[in-house]
Amino acid sequence: MSPESEGQARAEQFRHEKHLGLQPIGDAFALFELVPQLDVASLAVSNPDEHGMTAHDPARGVTKVVVACTQNPLRQRSTLAHELAHVLFRDHEYASQGKLTGREDYEQRADAFARHLLVPLQGLRDFLGPQEPLSTADLSRLVQWFVASPQMMLIQLARAAYIDQARKDLWWNHTGPWLAGNHGWMPQYRALQVESATPRAPQRLLTRATHGYQDGVLSLRAIARIRAADPKFVERELAQAGITPSNPALRWADTSEQTVTEHDFADLDALEDIEISLAHGEATENDSDETRRAGRDNPLASA
């Protein structure tokens, strides 16, 4: 099987297994909650060329995916889907055993998976209907509906025989902001930018930490640190949601002063380790049509 065919087959299988149908993926981060022992986070990084990485923690049996906060929401979704492919294909295991013989093959396979996961060909056909000449307005509608990059969409349109190579080349340099601005959905694009630029902690970790806060064994400052947010904002937000600690005296205490007896919050340190890896890892880019990632020289290194 070619990397393209293998990536497409696994994306279609994942959609079927998780009952996702052919509809657009809403929150790409939520996909990771469908896979056991998998965490995902987004972090603010100083290097704009760093986009994402996958790391496996053999001690905990947990795989972690980290993507960079960005003003390019379409690229972030592509990166998330690309990294999910590495997890599902268990590339970290083959890399650690020296069994990955063709680096280009498994990266192309991950690219194909991301493309077919975010823009399934049958979903594209259902949306467009019978084949007719397409305009940039149609391209804009597709990008807006599937929340995928124009380049990813053009590749899928060509594969589905809706456009030829000449049309694909003609539209290749169109960007998400250009389409949004010219076709009336810039407010939606700006909202997507706010979302993709906001740091996100692993949902599993944040759930456990919030329970620890409610039980009085984890401070508010720890919650704020996990979320990379102002403690006062976090306190107000939690209070509005009806979430308060059983021991109010611990709200602002430093976590180092507390003795945790019923909860294991070792993942707090693991999260910090990931941040260091992403921020300081070597980034050598090998751009594909739809995915640019960080640290591709060693994308599957253990945390």
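Under this note's numbering, read the sequence shown as residues 1 to 303, first letter to last. Glycine included, each C-beta is placed from N, C-alpha and C at the ideal position.
Applying the criterion that 16 or more other CB atoms from any shown protein chain within 10 Å of the CB defines a buried residue, is residue i buried or exposed?
i	result
G129	exposed
S219	buried
A81	buried
A30	exposed
S256	Annotation note: pLDDT 46 at S256 (below 50); position unreliable, coordinate value reported separately. Result: exposed.
P187	exposed
N173	exposed
A161	exposed
K18	exposed
G184	exposed
E50	buried
S78	buried
F233	exposed
D264	Only weak support exists for where D264 lies, its pLDDT of 43 falling under 50; the coordinates are left without a value.
G176	buried
N34	In the sequence as presented, Asn is not what sits at residue 34; that position holds Leu. Exposed is the call here.
T244	exposed
A239	exposed
E235	buried
If you follow the alpha helix (DSSP H) that residue i is in, where does it begin and where does it stop?
i	result
L220	220-227
A239	231-240
P245	That residue, P245, is in no alpha helix (DSSP H); it is neither H nor E in DSSP.
F14	3-17
Locate the beta strand (DSSP E) running through residue i, then write down its first and last residues.
i	result
N39	Correcting the residue type first, residue 39 is Asp in the shown sequence and not Asn. Residues 38-43.
Are the CB atoms of residue j and residue i within a distance shorter than 8 Å?
i	j	result
L179	V147	no
A228	P199	yes
H116	E195	no
L88	F14	yes
A158	P3	no
M153	L139	yes
V66	Q76	no
A209	I226	yes
P327	L192	In the structure displayed, the chain extends from 1 to 303; residue 327 sits before or after that span and is not available.
H86	A110	yes
G216	S246	yes
Q165	L124	no
Q8	A197	no
L22	Q122	yes
T207	W171	no
Could I get the ranges of all uninterrupted alpha helix (DSSP H) runs contained in the segment 48-135, with 4 residues as the minimum, in chain order?
73-88, 91-96, 103-118, 121-128
Given 8 Å, three or more beta-carbon pairs between the segment 168-188 and the segment 35-44
Counting Cβ pairs under 8 Å, fewer than three are found: no touch.
If we require 4 or more residues per run, which alpha helix (DSSP H) segments fall completely within the segment 133-219?
136-146, 150-159, 165-171, 176-182, 186-196, 203-214
For the 8 Å Cβ check, are there 3 or more pairs between the segment 26-39 and the segment 199-208?
yes
Is there contact between the segment 54-61 and the segment 148-165, where contact requires at least three CB pairs shorter than 8 Å?
no
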